[in-house]
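The next block holds one structure in the form of structure tokens; read it before the comments.
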Amino acid sequence: MIYLNQAATTYPKPQCVLEAHTASLYSGPVGQFRSSSTAKEPDIFEKCRCSLGTLFGIKEWKRIFFSSGATDSANAVIYGLPLSGKNVVITQTEHNSILRPLLNLREQVGSVTIVPCDSDGKVEPADIEAAISEETAAVFVNHCSNVTGMIQDIAGIGKITKKKGVILAVDVSQSAGCIPIEADLWGIDVLIFTGHKSLFGAQGTGGYYIKEGVEFCPYKYGGTGRDSRQLTYEKGDYEFEPGTQNTPGITALNAGAEYILRRGVERIAEKEQNLMKMLYQGLENIPGVRVYGNAMKNRGPVMSFTFSGLQSSDIAYILQNGYHITVRAGLHCAPLIHDAMGTGKYGTVRVSISDMTQEKEIQSILSAMTEISAGGTIA
Amino acid sequence: MKVVDRIESRERCAEAGWYAYDYLLDEQMKPEFIKRLRPLGNFVYLSMLAKPFFKVESDYFLIKGIEGDDFFRAAVHEAHPEVLKVIEEFIEGIV
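Sequence lines, in order, name chains A and B.
Numbering that gives the first Met the number 0 applies: residue 0 is where the first sequence begins, and numbers increase by one.
Numbering that gives the first Met the number 0 applies: residue 0 is where the second sequence begins, and numbers increase by one.
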């Protein structure tokens, strides 16, 4: 199988991740408050927070909290921030993990303003500035589109949110581990991430960062392993991770983060951008293929195309069953961006890569699409 | 052709209002079988591909598959689940 659906979840994982995950299941429980592990070494939770902090440019890495993924994080963030009766500005590129909590937790949010993107997925910071009103409490931005691979100018947006005094929450689910992130430098107040994509962790892991000083309350309550007699919530971050944590998952996530730190996120980005360039240029030259964006502007490891005469789901079916190439067809859980792309009816074919993707896999999909294009006459 | 089984598709991201199923057959789909599907609706058959693809589409259902496979996918609109039976009867009637 040639797996080019890395934006859904990465496969394969680096060997060190597999080994760490397995080893964790063989090891004794860890955690200062819940068991009697030695206090000499930081436990895996602290190690992982520190690794992620280094990767994301977050000095206060202790304020990175674990969750079951980006959706869980987004729900925690949207529930936990002081958004009641306030306006929230988002972009047209957002994933449903942000859109659905915002639009369904109505009692938590007063109104939502959607800033449009262009057909490649680019959002102008000036348009975000124009959308911020007196009632705006927060701006949510998807760092890298999971449809077109467009990377937004978070540093530019951060200057605006700082000037306007609103919270900047950034969803880095698609960029974490493959695109450099400088959360502190860019003025990010809240960061949402998933663990199982380019961070190479296991599915069911992720987390969020809340900058010190940002008002925030937990949305889940339960055992935390400390202050057991205190039954009602008092201010503090101790209830941001209630319940027994996913130790094997976080161990794997840490192994993934350490792999990326060793390898260098800039080197990963460079490798992926070279493969994406080959993909864009190859597809652009195949008759019938329409590519959305280009390698110069869309710098993330994911791209979209359509094919004249066949629906995106047909192309995905042919690639899967005729060539054993896995891609994804449809709206990719990001419905609004398709209005800008003109692909709302049938969606797109999405091709996405990771650091583990090889050049010959890109050549395989280009060969397959060339064959489909040549043989795609309708009987 | 006999339908051996009908399995609800593992595809979780089907668009709203449509349900997908994978049909397992008792033999591989040959060109003659695929061409017999033409009366069911708009018919597309990309026979020039190394692994030829076909699709039959109507207002309420869609069938697609690859020549040589012993399975195909069918999607039906939620308002017309009865067409599944029509599809099954039609396929089992092809000898």
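All C-beta atoms, glycine included, are put in the ideal place defined by N, C-alpha and C.
Residue nearest to residue 63 of chain A within the set A/211, A/372, A/316 and A/222 is A/211 (criterion: CA-CA distance). The beta carbons of residue 167 of chain A and residue 186 of chain A sit closer together than 8 Å.
Within its own chain, the residues whose Cβ lies closer than 7 Å to the Cβ of residue 111 of chain A, once the five positions on either side in sequence are excluded, are 87, 89, 101 and 102, listed in chain order. In the structure shown, the three-state DSSP call for residue 20 of chain A is helix. Under the three-state reduction of DSSP output, residue 70 of chain A falls in the helix class. Runs of the beta strand (DSSP E) lying entirely within the stretch 132-191 of chain A, each at least 3 residues long, are 135-141 and 166-170 in chain order.
For the set A/179, A/216, A/157 and A/162, the Cα lying nearest the Cα of residue 188 of chain A is the one of A/157. For residue 47 of chain B, at least one C-beta of chain A is nearer than 8 Å to its own C-beta. Secondary structure at residue 370 of chain A: helix, using DSSP grouped into helix, strand and coil.
Comparing alpha-carbon positions, the option among A/150, A/235 and A/279 lying closest to residue 223 of chain A turns out to be A/235. Contact of residue 317 of chain A with chain B is assigned, a C-beta pair being separated by under 8 Å. Sequence-distant Cβ neighbours of residue 59 of chain B in its own chain, meaning closer than 8 Å and more than five residues away, are 75, 76, 78, 79 and 82.
Taking a Cβ-Cβ cut-off of 7 Å, the neighbours of residue 374 of chain A in chain B comprise 45, 47 and 48, given in sequence order.
Following the DSSP letters along the chain, one finds residue 96 of chain A in no beta strand (DSSP E) but inside the alpha helix (DSSP H) bounded by residues 95-103. Assignment of beta-bridge partners to residue 65 of chain A by DSSP yields A/206. Here residue 22 of chain B carries a strand assignment [DSSP, helix/strand/coil]. Counting of Cβ neighbours within 10 angstroms places residue 21 of chain A among the exposed residues, the total staying below 16. Chain-ordered, the chain A residues with CB closer than 8 Å to the CB of residue 68 of chain B read 320. Residue 3 of chain B is classed as exposed because its beta carbon has fewer than 16 other beta carbons within 10 Å across all chains shown. The continuous beta strand (DSSP E) containing residue 291 of chain A extends over residues 288-291. Counting only the Cα atoms, residue 226 of chain A lies some 45 Å from residue 146 of chain A. Chain A places no beta carbon closer than 8 Å to that of residue 60 of chain B, leaving this residue out of the contacts. Under the DSSP assignment, residue 313 of chain A falls in the alpha helix (DSSP H) whose first and last residues are 311-322.
Taking C-beta atoms as the reference points, residue 68 of chain A and residue 194 of chain A count as a pair closer than 8 Å.
Cα atoms of residue 353 of chain A and residue 246 of chain A: separation of roughly 25 Å, rounded to the nearest angstrom.
The way I'd put it, the stretch 316-325 of chain A doesn't touch the stretch 333-344 of chain A; fewer than three beta-carbon pairs between them come closer than 8 Å. The beta carbon of residue 352 of chain A sits no closer than 8 Å to any beta carbon of chain B. Close to residue 72 of chain B, with beta-carbon spacing below 8 Å, are these residues of chain A in chain order: 316. Put simply, the CB of residue 52 of chain B is near chain A, with a gap under 8 Å to one of its CB atoms. Against chain B, the beta carbon of residue 93 of chain A has no neighbour under 9 Å; the closest one sits roughly 17 Å away. The beta carbon of residue 130 of chain A is closer than 7 Å to those of 88, 112 and 114 in its chain, skipping five residues each way along the sequence. Assignment of residue 355 of chain A by DSSP, reduced to helix, strand and coil, places it in the coil class. Spatial neighbours of residue 19 of chain A in its own chain (CB-CB distance under 8 Å, excluding positions within 5 residues in sequence) are listed in chain order as 250, 251, 253 and 254.
As the crow flies, the alpha-carbon of residue 140 of chain A is around 6 Å from that of residue 170 of chain A.
Counting every other CB atom within 10 Å of its CB across the protein chains shown gives residue 94 of chain B a total below 16, marking it as exposed.
When 9 Å is used as the limit between beta carbons, residue 371 of chain A is near these residues of chain B: 45, 48 and 52, in chain order.
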